[in-house]
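A.B. asks: Sharing a structure with you now.
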DNA sequence: AGTGAAACGACCGTAGA
DNA sequence: TCTACGGTCGTTTCACT
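Protein chains in written order, with the working numbering: chain F, 2 to 161; chain R, 2 to 161.
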């Protein structure tokens with residue numbers, strides 16, 4: 002189960018209804034057996050297996066464990082909007098190295114970057130902002146949006 | 002493989018090093034066999050399976066398929082900051098019903114809500130902003146941050 | 001909470017339509 | 001790209017520690 006063959010070109014893949022159904026099944030339960038999925042979509046176990054292989058090799062889909070930060074004791078989350086000078090790709094790289102940051106995206110708009118942080122508590126968040134983030138070369142100003150309640154989350158993916 | 006027994010109380014669970022290692026293995030590959038994981042963490046297959054069962058039942062972890070919107074032809078993503086009046090929980094509920102929105106969070110700061118949208122192209126994004134989002138009762142102003150490049154994404158989860 | 005063993009079911013490779 | 005099938009390996013259950 003390697004990552005070999007990822008479609009780094011990023012050309013969209015045309016999916017038929019059957020593959021979409023297979024993905025739906027695995028979005029509900031990533032460990033569902035290929036045989037079970039086959040019954041649900043009307044295909045043999047081997048055919049399902051081949052399609053899943055193709056989809057993961059092409060980088061359309063990944064089957065992974067997703068954790069709940071709250072349950073792991075990370076009670077404080079926030080999105081940080083960053084206005085920057087210089088090369089934002091470079092800054093994004095440096096932000097990505099910070100373990101408390103789980104999400105970094107380069108944007109167009111009144112922020113140049115958005116970064117999501119996962120912290121144990123407010124103290125860790127303050128520490129992170131004051132030492133790790135605002136001190137970075139190229140960071141002009143930041144704006145913090147502390148999460149009060151997560152209402153919806155659907156799993157997409159697209160780091161490349 | 003139901004969702005039964007989710008720990009909706011949200012009390013943090015204390016995890017030992019072994020469970021953390023198991024989660025790490027599954028974050029890398031959600032379909033890795035329990036036997037393999039057992040070899041990696043020094044536990045029998047049955048013990049690993051019991052722990053994984055517990056972790057998923059407690060709501061600490063979920064094993065799911067995560068898709069890449071780009072590969073599925075959704076070439077335009079954006080974060081939308083929303084300033085609102087009235088009950089933001091109510092507004093969040095209505096935003097969550099919009100299929101193009103995959104992420105809604107209530108925040109403290111200069112936005113009341115953040116919503117992430119996944120669109121096929123710019124036209125769909127414009128349409129969505131003008132018709133579905135800005136027209137909602139309670140939406141005062143919006144600010145859109147179009148994604149240029151996703152740099153880092155780590156899978157967390159916490160909708161309740 | 002963990003191991004070990006036996007029965008069962010899933011997965012994988014290959015052959016063939 | 002699919003089905004069919006046999007060998008191998010993973011999973012499940014249970015008795016035991």
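All C-beta atoms, glycine included, are put in the ideal place defined by N, C-alpha and C.
If you're wondering where the values come from, they're calculated on a predicted model, not measured in any experiment.
#1: Please list the residues of the stretch 85-99 of chain F that have a C-beta atom closer than 8 angstroms to any C-beta atom in chain R, keeping them in chain order.
#2: Are the CB atoms of residue 105/F and residue 55/R nearer to each other than 7 angstroms?
#3: My output table needs one value for residue 134/F: the three-state DSSP class, helix, strand or coil.
#4: Alpha carbon to alpha carbon, how far is residue 42/R from residue 22/R? Give it in angstroms, no decimals.
#5: If you scan the stretch 92-125 of chain R from start to end, which runs of the alpha helix (DSSP H) of 4 or more residues do you find wholly inside it?
#6: Among the residues of its own chain, which have a CB less than 7 angstroms from the CB of residue 157/F, if the five just before and after it don't count?
#7: Over what stretch of residues does the alpha helix (DSSP H) that includes residue 57/F continue unbroken?
#8: Do we get a CB-CB distance below 7 angstroms when we pair residue 105/F with the residues of chain R?
#9: Closer than 8 angstroms, Cβ to Cβ, to anything on chain F: give me those residues from the stretch 63-74 of chain R, in chain order.
#10: Using a Cβ-Cβ cut-off of 7 angstroms, state whether residue 54/R counts as contacting chain F.
#11: Buried or exposed for residue 1/F, please, with buried defined as at least 16 other CB atoms from any protein chain shown within 10 angstroms of its CB.
#12: Helix, strand or coil for residue 63/R? Go by DSSP, reduced to three states.
#13: Considering only their Cβ atoms, is the gap separating residue 79/R from residue 142/R smaller than 7 angstroms?
#14: Can you list the residues of chain F that residue 163/R reaches, using a CB-CB cut of under 7 angstroms?
#15: Give me the Cβ distance between residue 31/F and residue 66/R, rounded to the nearest whole Å; I'm assuming they're in contact under 8 angstroms.
#16: Using DSSP bridges, identify the partner residues of residue 84/F.
#17: Which residue wins for smallest C-alpha separation from residue 81/R, given the options 93/R, 88/R, 87/R and 73/R?
#18: Am I right that residue 116/R and residue 147/F are in contact with their C-beta atoms under 8 angstroms? What's the rounded C-beta distance?
#19: With DSSP run on the structure shown, which of helix, strand or coil describes residue 72/R?
#20: Under 8 angstroms, CB to CB, which of the residues in the stretch 126-151 of chain F have a partner in chain R?
#21: Work out the CA separation of residue 39/R and residue 48/R for me, nearest whole Å.
#22: Rounded to the nearest angstrom, how far is the Cβ of residue 62/F from that of residue 68/R, given a contact under 8 angstroms?
#23: Taking residue 72/R as the reference, give the member of 130/R, 119/R and 140/R with the closest Cα.
#24: Can you tell me where the alpha helix (DSSP H) holding residue 39/R begins and where it ends?
#25: Among the candidates 27/F, 121/F, 113/F and 150/F, whose CA atom is the shortest distance from the CA of residue 139/F?
#26: When the cut-off is 7 angstroms and only beta carbons count, does residue 50/F lie next to chain R?
#27: Below 8 angstroms on the Cβ atoms is my contact criterion, and I expect residue 121/R with residue 76/R to pass it. Report the Cβ-Cβ distance as a whole number of Å.
#28: Using a Cβ-Cβ cutoff of less than 8 angstroms, which residues in the same chain neighbour residue 27/F once the five nearest sequence positions on both sides are dropped?
#29: Can you find a C-beta in chain F that's less than 7 angstroms from the C-beta of residue 164/R?
#30: Would you please verify whether the beta carbon of residue 118/R is less than 7 angstroms from any beta carbon of chain F?
#31: What does the Cβ neighbour count give for residue 132/R, buried or exposed, with the cut at 16 atoms within 10 Å?
#32: Over what stretch of residues does the alpha helix (DSSP H) that includes residue 27/F continue unbroken?
#33: I want to verify the contact list: residues of chain F whose CB lies under 9 angstroms from the CB of residue 61/R, in sequence order.
#34: Starting from the beta carbon of residue 32/F, find every residue of chain R whose beta carbon is closer than 8 angstroms, and list them in chain order.
#35: Thinking residue 107/F and residue 149/R are a contact (beta carbons under 8 angstroms), I'd like their distance in whole angstroms, please.
C.D. replies: With the given structure in hand:
#1: Answer in chain order: 90, 93, 94, 96 and 97.
#2: On the first chain, position 104 is the one that residue 105/F refers to. On the second chain, position 54 is the one that residue 55/R refers to. Cβ atoms of residue 105/F and residue 55/R: not closer than 7 angstroms.
#3: Working through the first chain from its first residue, we reach residue 134/F at position 133. Residue 134/F falls in the helix class under three-state DSSP.
#4: For this step, residue 22/R is matched to residue 21 along the second chain. For this step, residue 42/R is matched to residue 41 along the second chain. If you take the alpha carbons of residue 22/R and residue 42/R, they lie about 7 angstroms apart.
#5: Counting only runs of 4 or more residues that sit fully inside the stretch 92-125 of chain R, no alpha helix (DSSP H) segment turns up.
#6: Position 156 of the first chain holds residue 157/F. Answer for residue 157/F: no residue qualifies.
#7: Within the first chain, numbered from 1, the residue matching residue 57/F stands at position 56. According to the DSSP assignment, residue 57/F belongs to the alpha helix (DSSP H) that extends over 46-58.
#8: Position 104 of the first chain, counting from 1, holds the residue named residue 105/F. By the rule that beta-carbons nearer than 7 angstroms mark a contact, residue 105/F touches chain R.
#9: Of all residues in the stretch 63-74 of chain R, only 63, 64, 65, 66, 67, 68, 69, 70, 71, 72, 73 and 74 come within less than 8 angstroms of chain F when Cβ atoms are compared, listed by chain position.
#10: The residue given as residue 54/R occupies position 53 in the second chain. No, because no Cβ of chain F sits closer than 7 angstroms to the Cβ of residue 54/R.
#11: What is shown of chain F runs 2 to 161, which leaves residue 1/F out entirely.
#12: For this step, residue 63/R is matched to residue 62 along the second chain. Residue state, collapsed to three classes: strand.
#13: For this step, residue 142/R is matched to residue 141 along the second chain. For this step, residue 79/R is matched to residue 78 along the second chain. No, the pair does not count as a contact, with Cβ atoms beyond the cut-off.
#14: This structure cannot settle anything about residue 163/R, because the visible part of chain R is limited to 2 through 161.
#15: Numbered from its first residue, the first chain carries residue 31/F at position 30. Numbered from its first residue, the second chain carries residue 66/R at position 65. About 5 angstroms separates the beta carbon of residue 31/F from that of residue 66/R, a gap short enough to meet the 8 angstroms contact definition.
#16: Numbered from 1 along the first chain, position 83 holds the residue referred to as residue 84/F. Partner(s): 142/F.
#17: Here residue 81/R refers to the residue found at position 80 when the second chain is read from its first residue. Nearest C-alpha to residue 81/R among 93/R, 88/R, 87/R and 73/R: 93/R.
#18: In the second chain, residue 116/R corresponds to position 115, counting from 1. In the first chain, residue 147/F corresponds to position 146, counting from 1. At roughly 16 angstroms, the Cβ-Cβ gap does not stay under 8 angstroms, so residue 116/R and residue 147/F are not in contact.
#19: Within the second chain, residue 72/R is the residue found at index 71, counting from 1. In this structure, residue 72/R counts as helix in the three-state DSSP scheme.
#20: Contact residues of the stretch 126-151 of chain F toward chain R are 144, 145, 146, 147, 148, 149, 150 and 151 (C-beta to C-beta distance below 8 angstroms).
#21: If you number the second chain from 1, residue 48/R lands on position 47. If you number the second chain from 1, residue 39/R lands on position 38. Whole-angstrom Cα-Cα distance: 8 angstroms.
#22: Locating residue 62/F in the first chain gives position 61, counting from the first residue. Locating residue 68/R in the second chain gives position 67, counting from the first residue. Their Cβ separation, rounded to whole angstroms, is 5 angstroms, which keeps residue 62/F and residue 68/R in contact under 8 angstroms.
#23: Within the second chain, numbered from 1, the residue matching residue 72/R stands at position 71. With distances taken between Cα atoms, residue 72/R lies closest to 119/R.
#24: By 1-based counting over the second chain, the position of residue 39/R is 38. Counting along the chain, the alpha helix (DSSP H) containing residue 39/R begins and ends at 35-42.
#25: Here residue 139/F corresponds to residue number 138 of the first chain, with the count starting at 1. Nearest to residue 139/F by alpha-carbon distance, out of 27/F, 121/F, 113/F and 150/F, is 113/F.
#26: Counting from 1 along the first chain, the entry for residue 50/F is found at position 49. No, residue 50/F does not count as interfacial toward chain R.
#27: Along the second chain, one-based indexing puts residue 121/R at 120. Along the second chain, one-based indexing puts residue 76/R at 75. Right, the Cβ-Cβ distance comes to about 7 angstroms (below 8 angstroms), so this counts as a contact.
#28: As a working mapping, residue 27/F is identified with position 26 in the first chain. Cβ within range, chain order: 33, 38, 53, 62 and 64.
#29: Nothing in the structure corresponds to residue 164/R, since chain R is present only between 2 and 161.
#30: One-based indexing of the second chain puts residue 118/R at position 117. No - not a single Cβ of chain F is within 7 angstroms of the one on residue 118/R.
#31: Against the second chain, residue 132/R aligns to sequence position 131. Exposed.
#32: What you label residue 27/F is simply residue 26 of the first chain in a count that begins at 1. Residue 27/F -> alpha helix (DSSP H) spans 18-29.
#33: Position 60 of the second chain holds residue 61/R. Near residue 61/R (Cβ distances below 9 angstroms), the residues of chain F are 68, 69, 72 and 73.
#34: On the first chain, residue 32/F is found 31 positions in, with the first residue counted as 1. Within chain R, 2, 31, 32 and 64 have C-beta atoms less than 8 angstroms from the C-beta of residue 32/F, given in sequence order.
#35: One-based indexing of the first chain puts residue 107/F at position 106. One-based indexing of the second chain puts residue 149/R at position 148. Correct: roughly 4 angstroms between the Cβ atoms.
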